[in-house]
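**Student:** Let me begin by handing over the structure; questions about it come next.
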Amino acid sequence: MSAHDPAPRAVVLPPDLGLLCTLFAPDPRRAALEAELAAAVAAERGAGGAVTFDAGESGECAAATAARLVRAGVVRAEVHGAPCDAVAADVLAAALSAAGIEVAGPLLRAAPVLAPATAFRWLGDSGLAAPPEALERALAAAVAARGSAAVRLLPRCSGEPGAFVRDGAAWGWRYGFDDAAARTFLAGAVERSLPRHRAELEYALILFQMAVDPLEEMYAGNGIADRNRELLVNIVP
Amino acid sequence: MAGRDASLIVLPPPGPLAWLAPELQALELAPPASAGARVIDAAARTPADLLAAALETGVRRLCFAPSPRAAAYARELSRCAGSAGCEIDLGGAGAGIALESRLIELAAVAPPGLTVLAAPDQQAAALPLLEPAPLSAGALRLLPLPAGPLLAEALERALAAARAEPERARAAGVVPYFVTAAEPAGDGAADTRLPATYFGILPGDRYDASIRRAARELFRRLQPRRSFHWLALENFALLGVDVYADAIARRATRAAPAPAPARHRPLVFAIEGGDGSGKSTHVAALREHLAARGLSVAVRKMYRHGTFHDTVTDLCRQCEGDKNLHLWRIERLAKVFDSVKYFATEVEPALGRYDALVFDRWIHTHLAAGAGRAHYDPGARELLQVYPAADRVFLLDTDPARQLARIGERAERTVDENPYMLGRYRHHFLGMAAREGLVVLDAAAPFADNAARIRAVVDQAIRDRAEARS
Numbered sequence: 170m171s172a173h174d175p176a177p178r179a180v181v182l183p184p185d186l187g188l189l190c191t192l193f194a195p196d197p198r199r200a201a202l203e204a205e206l207a208a209a210v211a212a213e214r215g216a217g218g219a220v221t222f223d224a225g226e227s228g229e230c231a232a233a234t235a236a237r238l239v240r241a242g243v244v245r246a247e248v249h250g251a252p253c254d255a256v257a258a259d260v261l262a263a264a265l266s267a268a269g270i271e272v273a274g275p276l277l278r279a280a281p282v283l284a285p286a287t288a289f290r291w292l293g294d295s296g297l298a299a300p301p302e303a304l305e306r307a308l309a310a311a312v313a314a315r316g317s318a319a320v321r322l323l324p325r326c327s328g329e330p331g332a333f334v335r336d337g338a339a340w341g342w343r344y345g346f347d348d349a350a351a352r353t354f355l356a357g358a359v360e361r362s363l364p365r366h367r368a369e370l371e372y373a374l375i376l377f378q379m380a381v382d383p384l385e386e387m388y389a390g391n392g393i394a395d396r397n398r399e400l401l402v403n404i405v406p
Numbered sequence: 013m014a015g016r017d018a019s020l021i022v023l024p025p026p027g028p029l030a031w032l033a034p035e036l037q038a039l040e041l042a043p044p045a046s047a048g049a050r051v052i053d054a055a056a057r058t059p060a061d062l063l064a065a066a067l068e069t070g071v072r073r074l075c076f077a078p079s080p081r082a083a084a085y086a087r088e089l090s091r092c093a094g095s096a097g098c099e100i101d102l103g104g105a106g107a108g109i110a111l112e113s114r115l116i117e118l119a120a121v122a123p124p125g126l127t128v129l130a131a132p133d134q135q136a137a138a139l140p141l142l143e144p145a146p147l148s149a150g151a152l153r154l155l156p157l158p159a160g161p162l163l164a165e166a167l168e169r170a171l172a173a174a175r176a177e178p179e180r181a182r183a184a185g186v187v188p189y190f191v192t193a194a195e196p197a198g199d200g201a202a203d204t205r206l207p208a209t210y211f212g213i214l215p216g217d218r219y220d221a222s223i224r225r226a227a228r229e230l231f232r233r234l235q236p237r238r239s240f241h242w243l244a245l246e247n248f249a250l251l252g253v254d255v256y257a258d259a260i261a262r263r264a265t266r267a268a269p270a271p272a273p274a275r276h277r278p279l280v281f282a283i284e285g286g287d288g289s290g291k292s293t294h295v296a297a298l299r300e301h302l303a304a305r306g307l308s309v310a311v312r313k314m315y316r317h318g319t320f321h322d323t324v325t326d327l328c329r330q331c332e333g334d335k336n337l338h339l340w341r342i343e344r345l346a347k348v349f350d351s352v353k354y355f356a357t358e359v360e361p362a363l364g365r366y367d368a369l370v371f372d373r374w375i376h377t378h379l380a381a382g383a384g385r386a387h388y389d390p391g392a393r394e395l396l397q398v399y400p401a402a403d404r405v406f407l408l409d410t411d412p413a414r415q416l417a418r419i420g421e422r423a424e425r426t427v428d429e430n431p432y433m434l435g436r437y438r439h440h441f442l443g444m445a446a447r448e449g450l451v452v453l454d455a456a457a458p459f460a461d462n463a464a465r466i467r468a469v470v471d472q473a474i475r476d477r478a479e480a481r482s
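Chains as they are written, first to last, in the numbering used here: chain A, 170 to 406; chain B, 13 to 482.
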């Protein structure tokens, strides 16, 4: 369905915000959810329903998405998300409400899916998926076989949405940053097998220590330039 | 093994532009193998390790192709022990061509508004923004945007094309970048205060807000999946936060400094919370409680008001009109440094004189302010390590509306006493409380209830300390 068609209802997902998207593969549960929702919307439209689907691919911040949906005539929206979308889905739901759209959700689901064959699984439900030495050998072998540019790590893909702490450190869970042993392994293994990602990984670890997800902050419209006027409200006449 | 005067060519780790668009790394040219130079990829080691390895093998000269990343890496090398024994050459003879230099070269191929079709080892060609053209393996479509008087026109032309055909714009995979000097002038004549390591991401910090809006829209239309990452880097660049320098210094993973030698340390309690949450009243009550238990007590307040605070607030006023946004970082650093100074003058002397110190606010306020406003801590955590660990920290949690009602209609409000920042403080306070075990109290609860809880927790902490000593 075209986003320009007026429709009274929308099914929406926030954008897939992944700070380390060049080192890690996308969360396969997010892709599965997106496909499932797209199919459901297509079926509903096939039955004559007027529904818009927006999977957050525009690159717009949440407020801009809400404004666009209002312009398209949307009055009700269901906000969906995979576990990795928990914070962004909250941001989107708040923006839609603020724009006057009646919101259901966020509806978070952790559908089990098979891991993509190309992503390197290193993290299990409760720590490293195998002894560190074995993982490191396997990663080095994957890099040797496929080249460093083709190797992506699989983010942690288990857990229920309710287990997520919704503060700025929540995103680190998907990369294993919350687990000291996993963090140490990751830094060492990347340094040895995927060194061109090491500085970027450090950047992400710094932000994790500060409990900040800058991508979520930008999605929420909290950039320093966006909020500067509000920040000065008490001191500049 | 290298001889005594041997040189080593160092390839610095990829920086923010390549984090954003990793495919650009293919454009960086290492020196040809035929030249026989010894080359080391610095991405795989810390500057200290690289320097140590170089010195151990007799290397006395480290050469870089000139680039902002090379300059940043060289600065980090010069801080390492033993760096005096190794010459650092940023001149670049025979050291390959850095990504930044390649992008500047490629920009010369295309007049403003045209893309460059570039492959690492092929002749570059200029094309209109959405001109369909088959891409050879490894070829990239780049859109150089010239910083300076031609920028507005170049942006407008590219935007018009992207708006006219949004789907094609999204699918074309064009990477826009700003063409600025690879190196800051360094003589006071630089037209930007952005850290040079953000090369390509912004044209500078002294351009009109309309240019910033246009750049954001263009990047979003051409690279929607990367637009939030781009915005984040723009945010840090505008604040003058050098994330690349912090990354190569291994700020997150380097070993923490060894703790100070053990000495007599008083009990340390802190009451945290936003403005108008009732901290001062609870601080006074806790002081009375500790004194009634026979302890000598002092109250300390690491956030000072008066002339210092007014001067820092004046700094913030310079950000009016969305200019000089780096001053938000300077304001934060000034306040952190004042707290360090306060430690030296008011806290350290008290450590040996009292049985207990009660702090009105604690380091979490600094951390929440940095993360809440700028989404980055410019160094507070490291600088405030001079403070002793607190035995217990209490957080008086309150919602911004209640805080503002308590603050009332004071003639003059501080910079943070607005709904947005009070909300940001609360968000980060609660996050830190969950992660670090702060005792959270509902500031809206009756004073007597909270005071009783504080007394109970403090009494337990006193017992814990006594047990630990025994």
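Where is the CB? At the ideal position from N, CA and C, for every residue including glycine. Since this is a predicted model, take the numbers as computed values, not measurements.
Kindly indicate which three-state DSSP category Glu479 (chain B) falls into: helix, strand or coil?
**Tutor:** Three-state DSSP puts Glu479 (chain B) in a helix.
**Student:** Along the chain, which unbroken stretches of the alpha helix (DSSP H) at least 4 residues long are found entirely within the stretch 250-319 of chain A?
**Tutor:** Listed in chain order, they are 255-267, 301-315.
**Student:** Hey, does Thr191 (chain A) have any beta-carbon neighbour from chain B nearer than 8 Å?
**Tutor:** For Thr191 (chain A), the answer is yes, since a Cβ of chain B falls inside 8 Å of its Cβ.
**Student:** Less than 8 Å between C-beta atoms, sequence neighbours within five positions excluded: which residues of the same chain meet that for Ala194 (chain A)?
**Tutor:** Once the five neighbours on either side are set aside, the close Cβ partners of Ala194 (chain A) are Pro285, Thr287, Ala288, Arg321, Leu322, Leu323, Pro324.
**Student:** Counting C-beta neighbours from all protein chains within 10 Å, is the total for Thr221 (chain A) 16 or more, i.e. buried, or is it exposed?
**Tutor:** Buried.
**Student:** By how many angstroms is the C-alpha of Ala318 (chain A) removed from the C-alpha of Arg475 (chain B)?
**Tutor:** About 57 Å.
**Student:** From the DSSP output, which residues share a beta bridge with Pro156 (chain B)?
**Tutor:** In the DSSP output, where bridge partners are listed per residue, Pro156 (chain B) has B:Tyr189.
**Student:** Would Glu399 (chain A) count as contacting chain B if we go by Cβ distances under 8 Å?
**Tutor:** Taking Cβ atoms only, chain B reaches closer than 8 Å to Glu399 (chain A), which makes this a yes.
**Student:** According to DSSP, which residues form a beta bridge with Gly285 (chain B)?
**Tutor:** DSSP, once it has assigned bridges, lists B:Leu408 as partnering Gly285 (chain B).
**Student:** Using C-beta distances below 6 Å, list every residue in its chain close to Ala368 (chain B), excluding the 5 sequence neighbours before and after it, in chain order.
**Tutor:** Around Ala368 (chain B): Pro278, Leu279, Leu302, Leu307, Val309.
**Student:** In angstroms with no decimal places, state the Cα-to-Cα distance between Ala280 (chain A) and Arg198 (chain A).
**Tutor:** Answer to the nearest angstrom: the Cα atoms are 6 Å apart.
**Student:** Using DSSP with H/G/I as helix, E/B as strand and the rest coil, what is Ile419 (chain B)?
**Tutor:** Helix at Ile419 (chain B).
**Student:** Could you work out which residue in B:Asp326, B:Asp287, B:Thr127 is closest to Asp409 (chain B) when comparing CA atoms only?
**Tutor:** Nearest of B:Asp326, B:Asp287, B:Thr127 to Asp409 (chain B), Cα basis: B:Asp287.
**Student:** I'd like to check one pair, Gly250 (chain A) with Pro183 (chain A): are the Cβ atoms closer than 8 Å?
**Tutor:** Yes, these two residues count as a Cβ contact at 8 Å.
**Student:** Any idea what DSSP makes of His173 (chain A), helix, strand or coil?
**Tutor:** Confidence in His173 (chain A) is poor, its pLDDT being 44 and thus under 50, which makes the residue's placement unreliable; the coordinate value appears in the next sentence. His173 (chain A): coil per DSSP, three-state reduction.
**Student:** So, Tyr85 (chain B) versus Ile213 (chain B), is the Cβ gap smaller than 8 Å?
**Tutor:** Cβ distance not < 8 Å, so Tyr85 (chain B) and Ile213 (chain B) don't count as in contact.
**Student:** Which value, in whole angstroms, describes the spacing of the CA atoms of Arg352 (chain A) and Trp291 (chain A)?
**Tutor:** Their backbone Cα atoms lie some 11 Å apart in a straight line.
**Student:** Going by the DSSP bridge assignment, what does Ala138 (chain B) pair with across the sheet?
**Tutor:** Ala138 (chain B) is bridged to B:Val128.
**Student:** Anything in chain B within Cβ reach of Ser227 (chain A), meaning under 8 Å, just list it in chain order.
**Tutor:** The contacting residues are Arg232, Pro236.
**Student:** Roughly how many angstroms separate the alpha carbons of Leu308 (chain A) and Ser362 (chain A), rounded to a whole number?
**Tutor:** Taking the straight line joining both Cα atoms gives about 7 Å.
**Student:** Run through chain A and tell me which residues come within less than 7 Å of Trp340 (chain B), C-beta to C-beta.
**Tutor:** Neighbours of Trp340 (chain B) on chain A, chain order: Ile393.
**Student:** Could one say the Cβ of Val452 (chain B) lies closer than 8 Å to chain A's Cβ atoms, at least one of them?
**Tutor:** No - not a single Cβ of chain A is within 8 Å of the one on Val452 (chain B).
**Student:** With 16 other CB atoms within 10 Å as the buried threshold, where does Ser292 (chain B) fall?
**Tutor:** Exposed, by the Cβ-count rule.
**Student:** Out of B:Cys98, B:Ala82, B:Glu68, B:Gly185, point me to the one whose CA is closest to Ala208 (chain B)'s CA.
**Tutor:** The shortest C-alpha separation from Ala208 (chain B) is found at B:Ala82.
**Student:** Quick check on Pro183 (chain A) - is its C-beta less than 8 Å from some C-beta in chain B?
**Tutor:** Chain B contact via Cβ: absent.
**Student:** Based on the DSSP output, what are the partners of Ile21 (chain B) in its beta bridges?
**Tutor:** Paired residue(s): B:Val51, B:Cys75.
**Student:** If you measure between the beta carbons of Val51 (chain B) and Pro44 (chain B), is that distance less than 8 Å?
**Tutor:** No, these two residues do not count as a Cβ contact at 8 Å.
**Student:** Beta carbons nearer than 7 Å to chain A: which residues of the stretch 206-229 of chain B have them?
**Tutor:** Residues Arg224.
**Student:** Measure the C-alpha to C-alpha separation of Ile375 (chain B) and Arg404 (chain B) and round it to an integer number of angstroms.
**Tutor:** Answer to the nearest angstrom: the Cα atoms are 13 Å apart.
**Student:** If you measure from the beta carbon of Tyr256 (chain B) to each beta carbon in chain A, is any gap under 8 Å?
**Tutor:** So yes, Tyr256 (chain B) belongs to the interface.
**Student:** When burial is assigned at 16 or more other CB atoms within 10 Å of the CB, is Gln472 (chain B) buried or exposed?
**Tutor:** Flag for Gln472 (chain B) reads exposed.
**Student:** So what does Thr221 (chain A) bridge to, in DSSP terms?
**Tutor:** Beta-bridge pairing links Thr221 (chain A) to A:Ala179.
**Student:** Indicate the three-state DSSP secondary structure (helix, strand or coil) for Val452 (chain B) in the structure shown.
**Tutor:** Three-state DSSP puts Val452 (chain B) in a strand.
**Student:** Hey, Leu379 (chain B) and Arg393 (chain B): beta-carbon distance below 8 Å or not?
**Tutor:** Yes, the pair counts as a contact, with Cβ atoms nearer than the cut-off.
**Student:** Does the Cβ of Arg218 (chain B) have 16 or more other Cβ atoms within 10 Å, making it buried, or fewer, making it exposed?
**Tutor:** With fewer than 16 other Cβ atoms within 10 Å, it is exposed.
**Student:** Between Ala373 (chain A) and Leu206 (chain A), how many whole angstroms is the CB-CB distance? I'm expecting something under 8 Å.
**Tutor:** Not a contact, Cβ separation roughly 28 Å.
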